[in-house]
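In the numbering used here, the protein residues as written are 13 to 76.
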């Protein structure tokens, strides 16, 4: 299945959002957990936005 540019873009945004959320919820050694948790709301908002973009890009009527 060939993907449209919008679908590829949406998948990349989704991957980035998941990585950010992963970092926030399980910071690597040496990172301050307090600093990462301060970004939790922003990370969740990014995931929500990325999911909406994925839904739009892969909707049956999506032509881009």
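Idealized CB from N, CA, C, for every residue including glycine.
Predicted model only: the values in this text are computed from it and were never measured.
Worksheet item: Cα separation between residue 67 and residue 40?
Response: Rounded to whole angstroms, the gap between the alpha carbons of residue 67 and residue 40 is 31 angstroms.
Item to complete: Following the continuous alpha helix (DSSP H) through residue 68, name the residue where it begins and the one where it ends.
Response: Counting along the chain, residue 68 sits inside the alpha helix (DSSP H) bounded by residues 52-69.
Fill in: Simplified DSSP state of residue 15, which is helix, strand or coil
Residue 15: coil per DSSP, three-state reduction.
Worksheet item: Quick one: what's got a C-beta closer than 7 angstroms to residue 58's C-beta in the same chain, skipping five residues either side?
Response: By the criterion of a C-beta distance shorter than 7 angstroms, residue 58 is surrounded in its chain by 29, 32, once the five residues flanking it on both sides are discounted.
Item to complete: Determine the DSSP secondary structure at residue 43, reduced to helix, strand or coil.
Response: In the structure shown, the three-state DSSP call for residue 43 is coil.
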